[in-house]
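Quick notes on the structure that follows.
There are 2 protein chains.
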Amino acid sequence: MKIMARIKDIAKLANVSPSTVSNVIHGRKNKLSPELYEKVQRILEEEHYVTHRGAQMLTKQGSRLIALILAYSRAEEESIVQDPFVSSIIGAVQSALQKEGYFLLLYANPDVELCTKITLEWNVEGIILLGAKREGYYYLRSLNSVPVVTIDTIFFPEDHSYVNVGLEDYQGALEMTRYLLSKGHEKIAFLSLMDGMDVLRKDAIDNIRYQGYLQAYEEKNLAADRSLCRNLSYDGKIRQKQYREFYQEGFWGCTALFFTADIMALEMMSFCMDQGLKVPEDISIAGYDGIFAAKRARPRLCTICQDSTEKGRRAVTELLFLLKEEQDIGTCKKDIRLPVFLEEGSSVQALRERQPSPGLQLHLQKESEHRDREKFLEEV
Amino acid sequence: MKIMARIKDIAKLANVSPSTVSNVIHGRKNKLSPELYEKVQRILEEEHYVTHRGAQMLTKQGSRLIALILAYSRAEEESIVQDPFVSSIIGAVQSALQKEGYFLLLYANPDVELCTKITLEWNVEGIILLGAKREGYYYLRSLNSVPVVTIDTIFFPEDHSYVNVGLEDYQGALEMTRYLLSKGHEKIAFLSLMDGMDVLRKDAIDNIRYQGYLQAYEEKNLAADRSLCRNLSYDGKIRQKQYREFYQEGFWGCTALFFTADIMALEMMSFCMDQGLKVPEDISIAGYDGIFAAKRARPRLCTICQDSTEKGRRAVTELLFLLKEEQDIGTCKKDIRLPVFLEEGSSVQALRERQPSPGLQLHLQKESEHRDREKFLEEV
DNA sequence: TTGTAAGCGTTATCAG
DNA sequence: CTGATAACGCTTACAA
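Order-wise, the sequence lines are chains A and B.
The opening position of the first sequence corresponds to residue 1 in my numbering, with each subsequent residue numbered one higher.
The opening position of the second sequence corresponds to residue 1001 in my numbering, with each subsequent residue numbered one higher.
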């Protein structure tokens, strides 16, 4: 390691005391004569002086460090950061923090205890917590009292003292289902992405979306068929098998598929095309998220768009607010829901214009012969 | 801030001295009796003791911090992290570092001086530098002597003392061009993505790829038309205009388009489809990168696949090697080139099977009438 | 086997 | 306006 000039060295070079140098570093012009200030300033630059953040952390200055914690249950995988949302949030957070003179410590681990430990070790001044469950959030809060802003955590009505940034998930699913129903589809499959958990788990985002889906049926005085709902695996290979099975089951007789993530919708779309089916002639497909690939796909994917960059920006804004106002986070209860909007796409077609190909019709026959969906469900 | 138990506090609780506690923390069992060790260990856990990284940085222990610096010239934009490569590299780096007990400081800024300052302030033990030019690398090295591994930096033959992780860029472009030529295409446009810079800039990746493109022609004893080469803008909106112009120019009479990034290839593909053209019947399109959207698109994009996660992993491996071996980086010159492979896709078709649609033919006529490509080029 | 003390670099307080 | 000094928390060499 190259020898670095420290305050003491600068002080010697300038024939002043360390505290004078410190005053110059902090721009306290009123504390010394302009000439001296200039001189010290010059030497500081000449010597490429940089502050030692470790030493600074030891004083009351604080660390200027913000932790971005990815606590997804699948956070141990490298791929988590590649998720388009996660990465756009990282980008937005990094950029917003830098403007305010903060630094970003990135840590991904499903173990909240470990994450908490890291935030304590590094004396971070604030935390943005991504993909955690409410229990995880409360655990973190119980040990670390710095401001925390969560993204996409589901809280319960009885919860208090949290700041969460999320989406109008309910509204989005409601609108999409309304839209599909308005196009004449009545058998709409609801397909979510969750690690083996039940879609009905109360604190899962996809459950909120499912409620929106049900609500849309209710509004039309239709009975939603609750068996038209399924969780797909996070594992891409398993998912591929699941698409095939679902296809072989004739899509359970559904005319439209509503996926809670564009990734799945696109995968299914290309799977269908590979099987010789036509989208939307044979089957209508809708997604959720509005990722790049969805806009580029042809037929263009009909989806619910969210602005995930805005999520990151907003999280930082809220965190900085807590930091600056020194507001007691214990008294806040803020559930920010960013708007989403439906983007039409030719992957969805009105039912009356539908022209199923012979291939699909064969499958539909098969399905009515088999009726062995129970077996299929068991396999999962 | 909640009051945290420090070594001194633990020492008091256990009726031992601070150094004894420190010995326990560092697992130096031989330094004290097993009973005492157990006892201190227990109290440590009870009090949720965590080390203070700032204080530790002040000792010779080092910071355990690795900086991942994104020094792309467009790094001030939030979107940089969203780039599928960048984000998969971040993911891989984060995950690999964590396993080794290092922490990740993420910093994105086109200003290398600033980046250098950050690495010095935080006393990072190593640096992974992404998207920097060689000058930037050498500037960083001149001020910070910790190990640095670059990713995707282009060095010159006369350069020395660097460790760089890159791709077989030349080979990839060579193979793709060979492939397109083997399919009978002779007029192949080469379309790169660079911020207004000349594709011929010696230290640009796309220039390396361009050399591969030229080489493929040479191998076939064909004269490559050097005017069939163009840089597109990083700005998505401008790019959209450029696609339109290029289309209106009848693709300069090319039958195949080779883009140096899948993003562009996909954008062009959907643009064509929106104009009523058929891919590959009217025009063959090839990309570079092998991103998710490319695999999902139909027709599937023919592209050169790279494993960007492996890039990140490899960068960490190399960095850890430098760190552990305490090898003098001044003596290394390592240019690691990860393999790429061509993935066929139906977006490319043999020329003889080509069936241009009337729409395209009209455009081709237009083009031969106008011959005003110079004007077009000026506009850029 | 255990304890003491110096040192790391910065900042804030207080005295000159 | 300037300078000495203590404090932050940890590590390690050395003394007991």
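Glycine included, every Cβ here is placed at the ideal spot set by N, Cα and C.
Model, not experiment: these values are computed from the prediction.
At a cut-off of 8 Å between C-beta atoms, ILE1090/B counts as an interface residue with respect to chain A. What MET1057/B touches in chain A, judged by beta-carbon distance under 7 Å, is GLY54, going in chain order. Neighbours of HIS48/A in chain B, taken as residues whose beta carbon is under 7 Å from its own, are LEU1143 in chain order. Residue pairing of ALA256/A in beta bridges, as defined by DSSP: ILE188/A, SER284/A.
LYS278/A and ALA256/A have their C-alpha atoms some 13 Å from each other. If you compare the alpha carbons of ARG1209/B, GLU1186/B, PHE1251/B, ALA1096/B with that of ASN1221/B, the shortest gap goes to GLU1186/B. With a threshold of 8 Å between beta carbons, ASN109/A makes contact with chain B. Closest in alpha carbon position to GLU1113/B, among ALA1350/B, ALA1132/B, ARG1313/B, is ALA1132/B. Straight-line measurement puts the Cα of GLY62/A at about 53 Å from the Cα of VAL348/A.
Boundaries for GLY1126/B: no alpha helix (DSSP H) harbours it, while the beta strand (DSSP E) harbouring it runs 1126 to 1130, taken from the DSSP string. Less than 8 Å separates the beta-carbon of GLY126/A from that of LEU323/A. Per DSSP, reduced to three states, the secondary structure at ALA1315/B is helical. Rounded to the nearest angstrom, the gap between the Cα atoms of CYS1305/B and LEU1232/B is 21 Å. A residue is called buried when at least 16 other Cβ atoms come within 10 angstroms of its Cβ; THR1150/B meets this threshold and is buried. When secondary structure is reduced to three states using DSSP, TYR179/A falls in the helix class. Counting along the chain, no alpha helix (DSSP H) covers GLY1276/B, and no H or E run does either.
For VAL1112/B, the uninterrupted alpha helix (DSSP H) segment begins and ends at 1112 to 1121. Per the DSSP secondary-structure output, GLU343/A pairs in a beta bridge with THR303/A.
For LEU70/A, DSSP records a beta bridge to ALA108/A, LEU130/A.
Look at LEU1322/B here: in three-state DSSP terms it is helix. Residues of chain B with a Cβ closer than 7 Å to the Cβ of THR51/A are, in chain order, GLU1121.
Residue-level contact check: ALA297/A touches chain B, since one or more beta carbons of chain B fall below 8 Å from its beta carbon. With respect to the 8 Å criterion, GLN1094/B and ALA108/A are classified as neighbours on the basis of their beta carbons. Nearest to GLU45/A by C-alpha distance, out of GLU1046/B, LYS1117/B, GLY1091/B, is LYS1117/B.
Not a single CB atom of chain A sits nearer than 8 Å to the CB of MET1194/B. Exclusion of the five residues before and after ILE43/A leaves ILE10, LEU13, ALA14 as the residues of its chain whose Cβ lies within less than 7 Å of its Cβ. When C-beta distances to chain A are compared with 7 Å, the residues of the stretch 1058 to 1071 of chain B below that value are LEU1058, SER1063, in chain order.
PHE190/A counts as buried, since no fewer than 16 other beta carbons sit within 10 angstroms of its beta carbon.
The Cβ atoms of THR1303/B and SER1192/B do not sit closer than 8 Å to each other.
The shortest CA-to-CA distance from HIS1048/B to any of GLY54/A, ASP169/A, PHE341/A, TYR139/A is the one to TYR139/A. If you compare the alpha carbons of TYR1210/B, ALA1096/B, LEU1106/B with that of ALA92/A, the shortest gap goes to LEU1106/B. In terms of beta-carbon proximity, LYS1237/B stays away from the interface with chain A, with every pair separated by 8 Å or more. Going by DSSP, VAL1163/B is part of no alpha helix (DSSP H) but of the beta strand (DSSP E) stretching over 1162 to 1167.
Between the stretch 158 to 173 of chain A and the stretch 335 to 343 of chain A there are three or more C-beta pairs closer than 8 Å, enough to call the two in contact. Here DSSP, grouped into helix, strand and coil, assigns ARG201/A to coil.
Within its own chain, the residues whose Cβ lies closer than 7 Å to the Cβ of GLN1041/B, once the five positions on either side in sequence are excluded, are VAL1024, listed in chain order.
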